[in-house]
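Heads up: the structure comes next, in C-alpha cells.
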Amino acid sequence: MAKKSYQKGWVRPKGKKWYGYYEVRTFNPEAGKDEWRTAAPITLGLRSQMTKFQARDALMAEIAKRTGNTPKPQADMKEITFGWFVRNRWLPLKEANWKEETARDKKCIIQKDLIDRFDSVHLENFDKFMLQVHLNNLAKTRSRDRVLQIRSYLKDIFAEVVDQDFLSKDPARKVEVPKQLSDTDTTVLSWDQLRRVLAQLSLKDRLILELDMTNALRPSELFGLRWRDFSHDECLLELHETVYRGKLRNWGKTRKALRPVHIPKELADDLWLWRQESRHSKPDDFIFSNRLRKGGFIDPQNYRRKMRKLGKNLGLPKLTFQVIRRTIATLGQKKGTPKDIQGVLRHSRLSTTTDVYMQEIPESVKATVGAINKELRLKPETAEAS
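2 is the number of the first residue of the sequence shown in our numbering; add one for each residue after it.
Okay, here's the thing in C-alpha cells:
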C-alpha cells in the first residue's frame, strides 16, 4: 500500500477570502519514487475576519481533520504562539465538556482578557513576571470573580502546555491573585424593602417577584414555567425548562436546579386567580407570557431593566434577581437551618449557600454579642444554677 505524508500547506488571498493549499506526497512502490499532487483548495474564511496567521492556523486544523495527522503549526517548535495553542490544543480539550452557552461565554472572556493580549506571543517568551503583571492590570478594571476566573484559565492553559511538552517549565504555576481586588457585591435588602417592592406591583408582576422571593427562583427558571407545571391542589410547581438568551432548555444551572418546588397556599391561590385573568391560560402557555410575543416567554434581560428602574424609583441600593436570592439566603437564616436554605436555593453544595450567598446580619451579630456578654455577667452561683 502506498505510504502518504503531508505538508503543512500555504495560504493565499483571493478576492475577499483566504484559501489554503497543501500537497499530498504518495510513495509509488512500482516506480520507486515519491509522487506529489496538490489537494483541492480549502476555503478558510473572510479576509476581513481573520489575519494571515489565523488563516494558517485554520488550514492546519483542516489538514489534521482531513488527513488524520496533527501537523505542527510551524517548522520550529519555538515559534508556537499562545493564540495558536489555545485555539488548537487547549480549547478542543475543554469545550466538549461545556454547554453551548457556557462555551460561548468562556470563549468570549478568554478572547478578551487573554488572547487579545497574548495572541502572537511565543510560548517560550512567557515568564511569571509577564503573567503576574497582566493579572495585576486586570484587577484594576475587572471584578474579583473575573480575575479569579482568568487566573484559573492561565494555570490550566500553561499546565497543558507543559503536559503536551511544548514547555518544560510552567510560567503560571506561581502566579498569585492580586491582593487589591474589587469588592464582590454583597447588597442585601430588608424585609420591609422587599414588601415595599411588592406593594408597587400589579398582580402579574407581584407574582413574578413574590415567587422569586419566596422560592429564590432564578430568572431562567421563573420565565420557563408553564401552566402544566402548576398544581393548585398540591401547591406545587414543577421546574422542567429554563430560558436563556432567547432559547428554551430542558436543563438548569445545576444538577439539583430542575425539581418540584412547594409554594404556600396563599401564593398558589393567587396564581390560580392570575390564570383566570390571563389571556394565555392553556397548559402549554407560559405562566408569565410576553404580550409582545403573543404568549411567548419573557426575556429575563428585559425584565432586569424593569427591576432596576423600580429599585431606583423606590430608592433601593439595588434590585436584581441576584440581590433577591442573596437577600433570601441571608434573611432566611432566622427562618431555618443552613441546610434548609440550601434546599430553597437548590444549591449542589452547602458551602455555596453559606460562603457566597449568606451575608452577615449586623443586628443579629449585635444581639449575639449582647447575649454572650449577658451570660458572662451572671453571678457564678446563678450561672451554675442555670
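C-beta: ideal position from N, C-alpha, C; glycine also.
(Q) Counting only C-beta atoms, is Ile-64 closer than 9 Å to chain B at any point? (A) Looking at the structure shown, chain B is missing, and only one protein chain is on hand.
Q | Nonlocal neighbours in the same chain, by C-beta distance under 6 Å from Glu-222, ignoring five residues either side | A | On the sequence shown, residue 222 is found 221 positions in, with the first residue counted as 1. Hits under 6 Å: Leu-240 and Thr-243.
Q: Tell me Trp-11's beta-bridge partners as DSSP assigns them.
A: Residue mapping note: residue 11 aligns to position 10 of the sequence shown, counting from 1. Beta-bridge pairing links Trp-11 to Tyr-22.
(Q) Under 8 Å, with one C-beta from each stretch per pair, do the region 32-51 and the region 13-22 reach the 3-pair mark? (A) yes
Q: State the Cα-Cα distance for the pair Pro-318 and Glu-364, rounded to the nearest angstrom.
A: Here residue 318 is taken as the residue at index 317 of the sequence shown, counted from 1. Here residue 364 is taken as the residue at index 363 of the sequence shown, counted from 1. The alpha-carbon atoms of Pro-318 and Glu-364 are separated by roughly 19 Å.
Q: Answer with buried or exposed for Phe-130, where buried requires no fewer than 16 other C-beta atoms within 10 angstroms of its C-beta.
A: Position 129 of the sequence shown holds residue 130. By the neighbour-count rule (16 or more Cβ atoms within 10 Å), Phe-130 is not buried but exposed.
Q.
Tell me which residues share the same chain as Asp-285 and place their Cβ nearer than 8 Å to its Cβ, disregarding the 5 neighbours each side in the sequence.
A. Taking the sequence shown and counting its residues from 1, the one referred to as residue 285 is at position 284. Counting only Cβ-Cβ distances below 8 Å, and skipping sequence neighbours, we find Arg-227, Trp-228 and Arg-229.
Q. Which stretch, first to last residue, makes up the alpha helix (DSSP H) that contains Pro-93?
A. For the purposes of this step, residue 93 is taken as residue 92 along the sequence shown, with counting starting at 1. Pro-93 -> alpha helix (DSSP H) spans 92-95.
Q | Collapsed DSSP secondary structure at Phe-224 in the structure displayed | A | Position 223 of the sequence shown, counting from 1, holds the residue named residue 224. Here Phe-224 sits in coil by DSSP.
Q.
Measuring CB atoms only, is the region 204-222 touching the region 299-316, in the sense that at least three cross pairs come out at less than 8 Å?
A. yes
Q.
Measuring straight from C-alpha to C-alpha, what distance separates Pro-111 and Thr-321?
A. Position 110 of the sequence shown holds residue 111. Position 320 of the sequence shown holds residue 321. It is Ile, not Pro, that sits at residue 111 in the sequence shown. Each residue's Cα considered, the two are about 26 Å apart.
Q: Determine which residues share a DSSP beta bridge with Thr-39 and list them.
A: Reading the sequence shown from its first residue, position 38 is the one you call residue 39. According to DSSP, which records beta bridges pairwise, Thr-39 is partnered with Glu-24.
Q: Starting from the C-beta of Glu-96, find all residues in its chain whose C-beta is less than 6 Å away, skip the five residues before and the five after it, and write them out in chain order.
A: Translated into the one-based positions of the sequence shown, residue 96 becomes position 95. For Glu-96, where only same-chain residues beyond five positions count, the Cβ hits under 6 Å are Ala-104.
Q. Quick one: what's Lys-375 bridged to in DSSP?
A. One-based indexing of the sequence shown puts residue 375 at position 374. Beta-bridge pairing links Lys-375 to no other residue.
Q: Output yes or no for whether 9 Å exceeds the beta carbon distance between Asn-414 and Gly-297.
A: Lying outside 2 to 387, the shown extent of the chain, residue 414 is not represented and no answer is given.
(Q) Taking 7 Å as the limit between beta carbons, can you name the residues of its chain near Arg-197, skipping five residues before and five after? (A) Residue mapping note: residue 197 aligns to position 196 of the sequence shown, counting from 1. These residues qualify, in order along the chain: Leu-315.
(Q) Below 8 Å, how does it come out for the region 137-150 and the region 164-175: are there three or more Cβ pairs, yes or no? (A) Under the Cβ criterion (8 Å, minimum of three pairs), the region 137-150 does not count as touching the region 164-175.
Q. Lys-248 bridges to which residues according to DSSP?
A. Sequence index remark: in the sequence shown, residue 248 carries index 247 (1-based). In the DSSP output, where bridge partners are listed per residue, Lys-248 has Tyr-245.
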